[in-house]
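Offset between the sequence shown (1-based) and this note's numbering: plus 160.
Written below as C-alpha cells is the structure these notes are about.
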Amino acid sequence: VQLQASGGGLVQAGGSLRLSCTASGFMFRVNTGAWYRQAPGNERELVAQILRNGSTTYSDSVKPRFTISRDNAKNTMYLQMNSLKPEDTAVYYCHARGNWPNGLNSWGQGTLVTVSS
161 VQLQASGGGL VQAGGSLRLS CTASGFMFRV NTGAWYRQAP GNERELVAQI LRNGSTTYSD
221 SVKPRFTISR DNAKNTMYLQ MNSLKPEDTA VYYCHARGNW PNGLNSWGQG TLVTVSS
C-alpha cells in the first residue's frame, strides 16, 4: 500500500494548483480518500474528503475554493485549489482509510504548497 503525492509548488495569491495522489496496492474507489494540511506550528487538519459513494466534504476554510475528486481508472485522487490565499500555505498530505484491504490507514509523503502575497 502506497500513496504518492505531487503537484505542490509556489504560487501567488489568487492563483491555482492541482495536487495529485496516486495509489498503489489498493483502490481509492472502495475506500475513503482525504487531503490534510499542516502549516508550521499548527496541527494537521482535514481539508477535504471523498467517500466511496463519491460524496465530498470540506473544511469551512476552503469552501468553495477547493474541489476534491478522483479518477477511478487512474486510481488517483486530486485536490483542485483555486483562489489561493497565503493562509493556505502548508504541507499537504493525502490519506486513505477503509476496509479494502482491512485496516487501511495510509499517508502520502506530503507536498509543499506556498502561496505568496
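From the three backbone atoms N, C-alpha and C, an ideal C-beta is built for every residue, glycine too.
Cβ-based neighbour list, residue i, same chain, cut-off 6 Å, excluding 5 preceding and 5 following
| i | result |
| --- | --- |
| phenylalanine 188 | Arg230, Asn235 and Met237 |
| arginine 204 | Tyr196 and Gln198 |
| asparagine 232 | Arg189 |
| glycine 175 | Leu244 |
| glutamine 164 | Thr182 |
| threonine 216 | Ile210 and Ile228 |
Cβ-Cβ distance between residue i and residue j below 7 Å
| i | j | result |
| --- | --- | --- |
| alanine 183 | histidine 255 | no |
| serine 277 | alanine 208 | no |
| asparagine 191 | tryptophan 260 | yes |
| glycine 168 | threonine 271 | yes |
| tyrosine 252 | tryptophan 267 | no |
Local conformation of residue i per DSSP, three classes
| i | result |
| --- | --- |
| aspartate 220 | coil |
| valine 190 | helix |
| glutamate 205 | strand |
Same chain only: Cβ atoms within 7 Å of residue i, ignoring 5 sequence neighbours per side
| i | result |
| --- | --- |
| glycine 258 | Val190, Asn191, Thr192 and Leu264 |
| valine 171 | Leu177, Leu244 and Val275 |
Residue i - partner residues in DSSP beta bridges
| i | result |
| --- | --- |
| leucine 177 | Met241 |
| tryptophan 267 | His255 |
| alanine 233 | Per DSSP, none; premise fails for alanine 233. |
| leucine 163 | Ala183 |
| alanine 250 | Val273 |
Minimum C-alpha distance to residue i - residue among the options
| i | options | result |
| --- | --- | --- |
| serine 219 | Gln162, Cys181, Arg197 and Leu179 | Arg197 |
| glycine 214 | Ser180, Ser166, Glu247 and Ile228 | Ile228 |
| glutamine 240 | Pro246, Gln269 and Lys223 | Lys223 |
| aspartate 248 | Cys181, Gln269, Ser180 and Pro200 | Pro200 |
Own chain residues within Cβ distance below 8 Å of residue i, not counting five before or after
| i | result |
| --- | --- |
| arginine 212 | Arg189, Val190, Asn191, Thr192 and Gly258 |
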